[in-house]
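Read in order, the letters of the sequence shown correspond to residues 62 to 154 in the working numbering. Each residue gets a CB set at the ideal place from its N, CA and C atoms; glycine is no exception.
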Amino acid sequence: MEENQIIITMEDGSEEVAEILFTHYSEETKKNYVVFEFLNSGEISAAIYEASKDNTEEGAFSDIETEAEWDMMDELLEAYFDEMEDAPEEEEN
């Protein structure tokens, strides 16, 4: 598994590999967010990342629950894709 990939345990107990597209800390909500794309389906989603209290183990994800947070994620994702479109493509050798 690559460095920018995570394994997410789904509600049914299955595990899915996702690529992290970007992370964001909101001063307004005081929360860390992660936006990721499931490799098997191409579906893009987001979650709140909560570090462990003592930083000795991996953190956990929780669901984004408010419409305001989803609106913020939509705006960030739109800006991310606009930036990706404007970035020069890397040449393949």
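Figure out for me which residue from the options has the closest Cα to the Cα of residue i.
{"i": "Glu-63", "options": "Ala-79, Tyr-110, Asp-124 and Val-95", "result": "Ala-79"}
{"i": "Met-133", "options": "Glu-146, Glu-89 and Asp-73", "result": "Glu-89"}
{"i": "Tyr-86", "options": "Ala-108, Glu-126 and Lys-114", "result": "Ala-108"}
{"i": "Lys-91", "options": "Glu-146, Glu-130, Met-145 and Ser-102", "result": "Glu-130"}
{"i": "Glu-126", "options": "Glu-72, Thr-84, Asp-73 and Tyr-94", "result": "Tyr-94"}
{"i": "Thr-84", "options": "Asp-115, Gly-74, Tyr-141 and Met-71", "result": "Tyr-141"}
Residues in its own chain within less than 6 Å of residue i by CB, not counting five upstream and five downstream?
{"i": "Ile-105", "result": "Glu-98"}
{"i": "Glu-139", "result": "none"}
{"i": "Ile-69", "result": "Glu-77 and Ala-79"}
So, helix, strand or coil for residue i, using DSSP?
{"i": "Glu-104", "result": "coil"}
{"i": "Glu-23", "result": "Here the chain covers residues 62 to 154 and nothing more, so residue 23 does not appear."}
{"i": "Ala-148", "result": "coil"}
{"i": "Ala-129", "result": "helix"}
{"i": "Ala-140", "result": "helix"}
For residue i, which residues from the same chain have a beta carbon less than 7 Å from its beta carbon, with the 5 sequence-adjacent residues on both sides left out?
{"i": "Leu-100", "result": "Val-78, Ala-79 and Glu-80"}
{"i": "Ile-67", "result": "Ala-79, Ile-81 and Phe-97"}
{"i": "Ser-123", "result": "Ala-108, Ile-109 and Glu-111"}
{"i": "Asn-154", "result": "A caution first: Asn-154 carries a pLDDT of 48, below 50, which makes its placement in the model unreliable, though a value can still be read off. Taken in chain order, the list of residues that qualify is empty."}
Between residue i and the rest of its own chain, which residues show a CB-CB distance below 8 Å, the 5 nearest in sequence each way excluded?
{"i": "Glu-119", "result": "Ser-113"}
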